[in-house]
Amino acid sequence: MHKHKKSLGQNFLVDKNIVNKILNRVLPVTSDCFLEIGPGEGALTFPLIDRISKLIVIEKDQTLSHKLSEMFSKNNNITVINHDVLKIDLNKYVKNQIRVIGNLPYNIATEIIFVLLDCKMKIYDIHVMLQKEMVDRISAPPGSKQYGRISVMVQANYNVKKLFDVSPNVFEPKPKVWSSYMRLIPKKKVFINNTHRENFKKIVTLAFISRRKMLKTSLKGNISLDKISHIIGDEKVRPEQLSHNQFIEIAKYV
Ligand code: SAM
């Protein structure tokens, strides 16, 4: 019996109904190539492997990744990588049109989402389980309490859909919080070029360092207010009131 490591966010899915519910939304087909982040004991890996053409799994826990390598030693369409998903060069493994799946370790879920923003061009779609509160933040509309930097960054790059909520009872050990299953589909041609993309990241980060401050105060020295007044309207506007599209427009004037 595996001793769960809290430090690695190990809450394993033990309810087959939820696994089926996930697969019914992901709808894997034979030609698919998947990347699974944090396979754990293989709750999603086992049902996926026989239905698709290629599966790459990245698991930080050495004991678990050894077990997975042994269990799948006869399958030649799986690559088990024992590594930290935040430290690996994903571009080396992520080829065009890969589908990403995972029941993410909640303690580093934000960092993982940001890593996935950077290889968006190669990703076909993403299906991940996250803490419910985080999915609510990612999908929050402008002006709402949960709306913040991660909402703007993700919504600019992906179409976001929360699929369903998941009770703590389907995991072992049970987490203290509810979870949600989310789908992200990359948006094409959001930025004019790399400079525009980098400026977008910079101004969104600056704007949300202090979400209650007026945008013009947070961006002072980085942008001229005259140039963006047609985008923001009221010059007293706060970052939490602007949509991701407005931030994309503002980034053109940095
Ligand atoms: N997919 C399995 C399931 O649904 O039962 C396990 C999910 S569990 C919430 C998260 C998994 O991510 C664990 O197996 C954990 O060891 C792994 N993990 C944690 N941090 C990681 C990291 N930085 N890189 C790769 N895997 C990680």
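Each number in my numbering corresponds to the 1-based position in the sequence shown with 5 added.
Every residue, glycine too, gets a C-beta built ideally from N, C-alpha and C.
Next on the checklist: Quick check on Phe176: buried or exposed, where buried means 16 or more other Cβ atoms within 10 Å of its Cβ?
Outcome noted: By the Cβ-count criterion, Phe176 is buried, with 16 or more other Cβ atoms from all chains shown falling within 10 Å of its own Cβ.
Checklist entry - Three-state secondary structure (DSSP) at Asn174? => result helix
Next on the checklist: I'd like to know whether the C-beta atoms of Pro147 and Gln246 end up nearer to each other than 7 Å.
Outcome noted: yes
Item to check | Distance between beta carbons of Lys192 and Tyr152, contact taken as under 8 Å | outcome: Taking the Cβ atoms as the reference, Tyr152 lies roughly 18 Å from Lys192, outside the contact range of under 8 Å.
Item to check | Backbone secondary structure at Asp231 - three-state DSSP | outcome: helix
Checklist entry - Since Gln136 is in the beta strand (DSSP E), which residue starts that stretch and which ends it? => result From DSSP, the beta strand (DSSP E) with Gln136 extends over Ile128 to Gln136.
Checklist entry - Going by Cα to Cα distance, which pick from Gln102, Pro110, Gln160 and Lys166 is closest to His132? => result Lys166
Next on the checklist: If you follow the beta strand (DSSP E) that Lys59 is in, where does it begin and where does it stop?
Outcome noted: Lys59 to Glu64
Item to check | Cβ contact check for the stretch 32 to 49 and the stretch 68 to 75: 3 or more pairs under 8 Å | outcome: yes
Next on the checklist: If distances are taken between C-alpha atoms only, which option among Lys65, Ser74 and Val31 comes closest to Arg56?
Outcome noted: Val31
Item to check | Identity of the residue in Ser58, Ile23, Lys8 and Arg217 nearest Pro173 by Cα | outcome: Checked all of Ser58, Ile23, Lys8 and Arg217; the closest Cα to Pro173 is Ile23.
Item to check | C-beta contact flag for Asn81 and Lys59 at 7 Å | outcome: The beta carbons of Asn81 and Lys59 sit no closer together than 7 Å.
Checklist entry - Exposed or buried, Phe252, counting other C-beta atoms within 10 Å across all chains shown (16 or more means buried)? => result buried
Next on the checklist: On a Cα-Cα basis, can you pick out the residue from Leu18, Gln160, Phe169 and Met139 that is closest to His249?
Outcome noted: Gln160
Next on the checklist: DSSP three-state label for Asn81, please.
Outcome noted: coil
Next on the checklist: Measuring only the C-alpha atoms, how far is Ile107 from Ile42?
Outcome noted: Here residue 107 turns out to be Gly, not Ile, going by the sequence shown. For Gly107 and Ile42, the distance between alpha carbons rounds to 5 Å.
Checklist entry - What's the gap between the Cα of Ile118 and the Cα of Ile237? => result If you draw a straight line from the Cα of Ile118 to the Cα of Ile237, it is about 28 Å long.
Checklist entry - Of all the options Ile143, Phe213, Leu73 and Ile155, which has the alpha carbon lying nearest to the alpha carbon of Ser185? => result Checked all of Ile143, Phe213, Leu73 and Ile155; the closest Cα to Ser185 is Ile143.
Checklist entry - Which residues in the same chain as Asn87 place their Cβ atom closer than 7 Å to its Cβ, once the five residues preceding and following it in sequence are excluded? => result Glu64, Gln67 and Ser70
Checklist entry - Comparing alpha-carbon positions, which option in Asp20, Lys100 and Ile233 lies nearest Phe39? => result With distances taken between CA atoms, Phe39 lies nearest to Lys100 out of Asp20, Lys100 and Ile233.
Checklist entry - Leu53: beta carbon under 6 Å from a heavy atom of the ligand SAM? => result no
Item to check | Burial state of Leu91 (16 or more Cβ within 10 Å) | outcome: exposed
Checklist entry - Quick one, which of Leu211, Ile27, Leu73 and Lys97 has its alpha-carbon nearest His7's? => result Leu73
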